[in-house]
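Just so we're aligned, residue 861 is where the sequence shown starts under our numbering, counting upward by one.
Using N, Cα and C, we set each Cβ at its ideal position, and we do this for glycine too.
Because the structure is a prediction, the values reported are computed rather than measured.
See structure below.
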Amino acid sequence: MSHPDPATADLIAAATAVRENAHAPYSRFKVGAAIRTADGRTFVGCNVENVAYPEGTCAEAGAIAAMCAAGARDVAAVAVIADSPQPVSPCGGCRQKLAEFSAGDVRVTLTTLDGTTLETTVAALLPGAFDQDYMSRV
Ligand code: THU
């Protein structure tokens, strides 16, 4: 069990609460995500599965959608929680989605219900991310 700073603890608490709302009847693997934006707001998301399996969406994607819908774009910190043996590893698609809104060194706290925690960053999760620089000739 680690002892996160108060702001991170708040973000984990938000992710933990929204995880309860996950719609995960197929995997039974509930995930919660919370994003704090640069202006101090918090946005949350949970995974939402579908009987047409590929239509399911990840918790991180839900939090990003909520953030954008509210007009925010600037991710400052992220927390993701699941009931997993080790901190859950965001999928490749969600790493790219987070990178879209993460300038600089955005901290990502990955944690389990029993408190096993891994601190990383969006940049560390997706080295060599595709970004607009690659489109400079367009
Ligand atoms: N899932 C997330 O929501 N976030 C992650 O970081 C990893 C996986 C979801 C997708 C699916 O609903 C379930 O977990 C099992 O893959």
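With a threshold of 16 other beta carbon atoms within 10 Å, residue 910 falls short and is exposed. Proximity to residue 982 across 998, 975, 955 peaks at 955, based on C-alpha coordinates.
Going by DSSP, residue 980 is part of the beta strand (DSSP E) stretching over 977–981.
Per the coordinates, the alpha-carbon of residue 875 lies some 18 angstroms from the alpha-carbon of residue 916. In terms of CA proximity to residue 932, 897 leads the group 920, 988, 892, 897.
A Cβ-Cβ distance of about 5 angstroms is found for the pair residue 903 and residue 923, placing them in contact under the 8 angstroms criterion.
Using a Cβ distance threshold of 9 angstroms, residue 940 and residue 969 count as a contacting pair. Residue pairing by DSSP places residue 961 in no beta bridge whatsoever. Only buried fits residue 962, as 16 or more other CB atoms lie within 10 angstroms of its CB.
By the criterion of a C-beta distance shorter than 6 angstroms, residue 883 is surrounded in its chain by 908, 909, once the five residues flanking it on both sides are discounted. Burial state of residue 927 is buried, judged by a 10 Å Cβ sphere holding 16 or more other Cβ atoms. Annotation for residue 876: the continuous alpha helix (DSSP H) segment containing it runs 866–879.
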